[in-house]
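Peer 1:
Residue numbers (mature numbering (1 follows the signal peptide of the UniProt record, and there is no 0)): -20 to -1, 1 to 142.
(1) Classify residue 24 as buried or exposed, calling it buried when 16 or more other Cβ atoms lie within 10 Å of its own Cβ.
(2) May I ask you to verify whether the segment 92 to 108 touches the segment 37 to 46, counting CB pairs closer than 8 Å and requiring at least 3?
(3) Classify residue 10 as helix, strand or coil using the three-state DSSP reduction.
(4) Got a sec? Which residues, its chain only, sit under 7 Å from residue 66 by beta carbon, not counting five neighbours each side?
(5) Which residue or residues does DSSP assign as beta-bridge partners of residue 94?
(6) Take the Cβ of residue 82 as the centre, count every other Cβ of all protein chains shown within 10 Å, and call the residue buried at 16 or more, exposed below.
Here's what the structure looks like:
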């Protein structure tokens, strides 16, 4: 049985990315909350747009869970447009989507199901070097669109909660 190296490394990468920041000597690892803000209502969902921290996809997912949410799982063009109006055009933001299990098949880490909405930037996804498996929003022209990127790259992120 052939097992992809990706399946063996995923738990290790997840653990590394999810490691919480220890505060104080001998105290349990906890999330440092000095830069985190509350969730904001946009449409019928609540979002936390993290504009200060830049972290890898795994850490972003962990922070969202610690805040009581998950990385944003965009469901429609309308949701993308509503959220885009709140984002800084010079920044990139992690989404819930990835293709770590099967290249080219994008699933939501939040729901475990295949992506229901994709709005790719021109020429994307391109999986440069075969290592771009997590999806970010970036400004392409005058709109935010999706791009595949290396999961270990540090970007801002958006959490959502209902």
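A virtual CB, placed ideally from N, CA and C, is assigned to each residue, including glycine.
All figures in this text were calculated on a predicted structure; none of them were measured in a lab.
Peer 2: The answer reads as follows:
(1) Taking every protein chain shown into account, the CB of residue 24 has fewer than 16 other CB atoms within 10 angstroms, so this residue is exposed.
(2) No, the segment 92 to 108 is not in contact with the segment 37 to 46.
(3) Legend: pLDDT at residue 10 = 44, less than 50; position of this residue unreliable, value from coordinates given subsequently. In the three-state scheme derived from DSSP, where H, G and I count as helix and E and B as strand, residue 10 is classed as coil.
(4) Only 22, 29 meet the Cβ criterion.
(5) The partner list for residue 94 (beta bridge, DSSP) reads 87.
(6) So residue 82 counts as exposed.
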